[in-house]
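Residue numbers (UniProt numbering): 1 to 549.
Structure follows, in structure tokens:
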């Protein structure tokens, strides 16, 4: 298994790691916005940003709600062009040709408030917010380098009420990260969440982590993904985790060049962390031996683990024995991510009994690209049909075939099924399975999201789906058939009307007869939008003509 180095933003063509973003892939550049402290939403308010190199302000009383700070709502892909930083860092070397491309982000679509942008529009600009209890600083992908870190450190010292700091995707380097951490090592520091993802931190810079974790007892969440820490860097991190003054609850270490040698230190560090909740070590070459050691440590730990992410870690069917022990012992576990591992039907058969146990309360299960066939799908369907806690399941990029589709649809009709989101992208489905999906959609009142992209459903298959969607009582809100999709604004919909997402090419739609049912479904939509634009497509033009007429 070969992985790209930190900072390499690869893409899985045609699969998107089993999930795909429904909205635009890029966020706008950082802006200033005033928000209503009650609703959390509001219009933009132009404001001059204070320069970082200005003298730090004397701490005073907390400003009223709505006071502006600089902040970005989360990590985003680096834009193709950005302003040059004060000191240009050398470009990173590209990933080798044999390196495995990195999966794209997989945000979960959530119900939007009426004031939020639709999925076809750009998201609201990044904001900064200070409330009576917390301050958020997010400066992700701002072109920052070591040169600016001294100014950032001074600003941090002048703001002891800071609770969240995010500097993701900035080339700070070891020295820059050290300066930032110095600004947080104050007796009055209240930092709770620290995000340093993709900041060029190496094992050399990890030497300060033990002292930092000791001096920040309020820190609960630490993100260090996309940094080449290697086993030596993780060893230093674990020294800090062992300190009684460290009360960390969430740790993200994805794409950190870790191996099985790291797992013993990590397992030992977590054994006494009673309040530890989330561990993400996806996309590291841990392998079967490393996962065994890590799982043993988690089983022996008193922690209340809620989330475990082990995607693309070299797991095998034998690893499912170790995972089964974790699921059985951690009744607090709510999310298990095992995508892109060669588990196979054999591994699924081993894992499912623990998922079926009454004490298991799993909510999210990701098994994309795990070499599962209809045989393994049969075992999983027992979980879908009886596990009332299960809300989201991804089986994308598994060769389930039409037989697997039928099994899934039958399980979704069982009274015990509570599944809300099903991802079966690129599962070798054909038009033959659409009858089962259509029948299921007319009866299932809980499934709100169905991802069927990159399956050759064809004209007849899409026609059957649309006929089912046209019936009253359908609970589905999002149906994806590919990367190009039609949707309508949620605020203009009735409670039982779906969003419709459709990709003509990947769904195999070539003839106009399949477009007519789609048009009839959309005809009653007061407001609809197209995203992304696909001008000139003949079938799309026919559909637009029907809607406009």
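Quick reminder that beta carbons are idealized off the backbone N, C-alpha and C, glycines included.
Handout entry: DSSP-derived helix/strand/coil call for residue 289
Key = Residue 289: helix per DSSP, three-state reduction.
Problem - Same chain only: Cβ atoms within 6 Å of residue 204, ignoring 5 sequence neighbours per side - result: Within the same chain, Cβ atoms closer than 6 Å to the Cβ of residue 204 are found at 174, the five residues on either side in sequence being excluded.
Exercise for the section: Compute the Euclidean distance between the alpha carbons of residue 481 and residue 456, then round it to the nearest angstrom. Expected result: Roughly 10 Å between the two C-alpha positions.
Handout entry: Whole runs of the beta strand (DSSP E) within the region 383-471, excluding any shorter than 3 residues
Key = Segments of the beta strand (DSSP E) lying fully in the region 383-471: 392-394, 421-423 and 449-451.
Practice task
Compare the C-alpha of residue 427 against each of 406, 209 and 228 and name the closest.
Solution key: Looking at the Cα atoms, 406 is the closest of the given residues.
Exercise for the section: Enumerate in chain order the residues of its own chain whose CB-to-CB distance from residue 368 is below 6 Å, with the five nearest sequence positions on each side excluded. Expected result: Result list for residue 368: 18, 339, 394, 396 and 397, in chain order.
Problem - First and last residue of the uninterrupted beta strand (DSSP E) at residue 252 - result: Per DSSP, residue 252 belongs to the beta strand (DSSP E) from 250-252.
Problem - Closest residue to residue 165 among 408, 181 and 471 (Cα-Cα distance) - result: The shortest C-alpha to C-alpha distance from residue 165 to any of 408, 181 and 471 is the one to 181.
Problem - Where residue 169 falls, given that 16 or more other Cβ within 10 Å makes a residue buried - result: Residue 169 is buried by the Cβ-count criterion.
Practice task
Report yes if the C-beta distance between residue 271 and residue 248 is below 8 Å; otherwise report no.
Solution key: With contacts defined as CB atoms closer than 8 Å, residue 271 and residue 248 fail to qualify as a contacting pair.
Exercise for the section: Determine the burial state of residue 445: buried for a count of at least 16 other Cβ atoms within 10 Å of its Cβ, exposed for fewer. Expected result: Counting the other CB atoms within 10 Å of its CB gives residue 445 a total below 16, which places it among the exposed residues.
Problem - Nonlocal neighbours in the same chain, by C-beta distance under 6 Å from residue 371, ignoring five residues either side - result: Here residue 371 has 342 and 344 as same chain residues with Cβ atoms under 6 Å from its own Cβ, once five neighbours each way along the sequence are excluded.
Practice task
Decide if the region 249-269 is in contact with the region 287-296; the criterion is three or more beta carbon pairs, one per stretch, under 8 Å apart.
Solution key: Contact between the region 249-269 and the region 287-296 is present: three or more C-beta pairs spanning the two stretches fall below 8 Å.
Practice task
From the DSSP output, in three-state form, read off residue 320 for me.
Solution key: DSSP places residue 320 within a helical segment (H, G or I) once states are collapsed to three.
Problem - Cβ-based neighbour list, residue 64, same chain, cut-off 6 Å, excluding 5 preceding and 5 following - result: Note that residue 64 scores a pLDDT of 38, beneath 50, so its modelled location is shaky and nothing firm can be said.
Practice task
Identify whether residue 372 lies in helix, strand or coil by the three-state DSSP scheme.
Solution key: For residue 372, the secondary structure class from DSSP, reduced to helix, strand or coil, is coil.
Problem - Three-pair Cβ contact test at 8 Å for the region 298-307 versus the region 346-359 - result: With the cut-off at 8 Å, the region 298-307 and the region 346-359 do not touch.
Practice task
Report the rounded CA-to-CA distance for residue 137 versus residue 161, giving the unit in angstroms.
Solution key: Taking the CA atoms as reference points, residue 137 sits about 11 Å from residue 161.
Exercise for the section: Identify every residue that forms a DSSP beta bridge with residue 138. Expected result: Paired residues: 166.
Problem - Candidates 322, 332, 331 and 251, of which the one nearest residue 348 by Cα - result: Of the listed residues, the one whose Cα sits closest to residue 348 is 322.
Exercise for the section: Just grab the DSSP bridge partners of residue 337 for me. Expected result: Residue pairing from DSSP places residue 337 in a beta bridge opposite 309 and 366.
Problem - Euclidean distance between Cα positions of residue 464 and residue 450 - result: Pairing residue 464 with residue 450, the inter-Cα distance amounts to about 15 Å.
Problem - Identity of the residues DSSP links to residue 221 by a beta bridge - result: Bridge partners of residue 221: 193 and 250.
Exercise for the section: Take residue 143 as the anchor and find which of 232, 176 and 401 has the nearest alpha-carbon. Expected result: Checked all of 232, 176 and 401; the closest Cα to residue 143 is 176.
Practice task
Since I believe residue 279 is in contact with residue 251 (beta carbons under 8 Å), could you give me their beta-carbon distance rounded to a whole number of angstroms?
Solution key: Between residue 279 and residue 251 the Cβ distance is about 6 Å, and since that is below 8 Å, they are a contact.
Problem - Cβ-based neighbour list, residue 443, same chain, cut-off 8 Å, excluding 5 preceding and 5 following - result: Within the same chain, and ignoring the five residues on either side of residue 443 in sequence, the residues whose Cβ sits closer than 8 Å to its Cβ are 413.
Practice task
Below 7 Å CB to CB, which residues in the same chain sit around residue 388 once its five sequence neighbours on both sides are set aside?
Solution key: For residue 388, where only same-chain residues beyond five positions count, the Cβ hits under 7 Å are 416 and 418.
Handout entry: Separation of residue 195 from residue 382, as counted between CA atoms
Key = Rounded to whole angstroms, residue 382 and residue 195 show a C-alpha spacing of 39 Å.
Practice task
Could you check which residue in 257, 269, 400 and 437 has the C-alpha nearest to that of residue 245?
Solution key: The residue from 257, 269, 400 and 437 with its alpha-carbon nearest to that of residue 245 is 269.
Handout entry: Rounded C-alpha distance that separates residue 374 from residue 231
Key = Straight-line Cα distance between these residues: approximately 39 Å.
Practice task
Please find out if some non-hydrogen atom of the ligand MN comes closer than 7 Å to the beta-carbon of residue 321.
Solution key: Inclusion of the ligand MN in the displayed structure is not the case, the ligand content being empty and no account of it being possible.
Practice task
For residue 260, name the three-state secondary structure that DSSP assigns.
Solution key: For residue 260, the secondary structure class from DSSP, reduced to helix, strand or coil, is coil.
Problem - Best match in 215, 319, 332 and 224 for proximity to residue 351 [C-alpha to C-alpha] - result: For residue 351, the closest alpha carbon among the candidates 215, 319, 332 and 224 is that of 319.
Exercise for the section: Give the single residue among 218, 384 and 209 whose Cα lies nearest to the Cα of residue 224. Expected result: Looking at the Cα atoms, 209 is the closest of the given residues.
Handout entry: Cβ-based burial, residue 399 [other Cβ within 10 Å; buried from 16]
Key = Under a 10 Å Cβ-count criterion, residue 399 is classified as exposed, with fewer than 16 other Cβ atoms of the shown protein chains found around its own Cβ.
Handout entry: 8 Å Cβ shell around residue 468 - same chain, five flanking residues per side excluded
Key = Excluding five sequence positions before and after residue 468, the CB atoms of its chain that fall closer than 8 Å to its own CB belong to 437, 438, 439, 441, 442 and 474, given in chain order.
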